[in-house]
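Residue numbers for the sequence shown follow numbering that gives the first Met the number 0, so the first one is 0 and each next one is one higher.
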Amino acid sequence: MQIDWNGLIIALAGLLFSAVIIPLVKAAFAWLKGRTRCEMLSFALYEAEKAADTVVASLQQTVVQGLKEKSADGKLTADDAREIADLALERFLSTLSAQTLALLEDSAGDIIEYASSLLEARLLKLKEGNQ
């Protein structure tokens with residue numbers, strides 16, 4: 000009985016390819032996809048912080064200062080603070096790219112809650128920096 004070495008080698012190579020190489024390639028692509036998503040999310044968070052800083056600083060210099068100067072006691076009313084928060088949220092969301100909004104919403108869930116918390120945090124940071 001003659002052994003068909005070519006056939007045997009081809010069969011072993013096919014088995015090796017399907018059992019080892021294909022799963023390794025799939026795992027490599029999954030890792031790469033996860034890493035790319037992580038980098039995209041990192042950039043989205045960076046973009047969100049910069050946008051929040053810009054919105055907060057802009058409103059602080061224009062709207063907040065103007066309302067405080069018009070106020071008898073130099074302080075904002077609760078209604079003024081709510082209006083400014085709504086305006087900040089609107090400006091913030093309109094500043095972000097669609098891709099960043101989608102990534103943040105996918106990761107954070109409630110984008111409005113996330114944005115409001117981020118804007119408040121950046122306002123506190125701005126105030127701490129001014130003292």
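Where a beta carbon is used, it is the ideal one built from N, C-alpha and C, also for glycine.
Have a look at Tyr113 and Glu89 and give me their C-alpha separation to the nearest angstrom. If you number the sequence shown from 1, residue 113 lands on position 114. If you number the sequence shown from 1, residue 89 lands on position 90. Distance between the alpha carbons of Tyr113 and Glu89: 13 Å.
Output the distance between the C-alpha atoms of Thr76 and Ser115, rounded to the nearest integer angstrom. In the sequence shown, counting from the first residue as 1, residue 76 sits at position 77. In the sequence shown, counting from the first residue as 1, residue 115 sits at position 116. For Thr76 and Ser115, the distance between alpha carbons rounds to 19 Å.
Whole angstroms are fine: how far does the CA of Gly73 sit from the CA of Tyr45? Position 46 of the sequence shown, counting from 1, holds the residue named residue 45. Position 74 of the sequence shown, counting from 1, holds the residue named residue 73. One C-alpha to the other measures close to 34 Å.
By DSSP, does Gln1 sit in helix, in strand, or in coil? Mapped onto the sequence shown, residue 1 falls at position 2. Correct three-state label for Gln1: coil.
In angstroms with no decimal places, state the Cα-to-Cα distance between Lys69 and Asp105. Translated into positions along the sequence shown, residue 69 becomes position 70. Translated into positions along the sequence shown, residue 105 becomes position 106. Approximately 41 Å, taken between the alpha carbons.
Taking DSSP as the reference, what is the three-state secondary structure of Thr94? If you number the sequence shown from 1, residue 94 lands on position 95. Residue state, collapsed to three classes: helix.
Are the region 116-125 and the region 49-64 in contact at 8 Å, needing three or more beta carbon pairs? Judged by Cβ distances under 8 Å, the region 116-125 makes contact with the region 49-64, as three or more pairs qualify.
Distance between Ala51 and Asp79 (C-alpha atoms, nearest Å): Here residue 79 is taken as the residue at index 80 of the sequence shown, counted from 1. Here residue 51 is taken as the residue at index 52 of the sequence shown, counted from 1. Put simply, the backbone Cα of Asp79 is about 19 Å away from that of Ala51.
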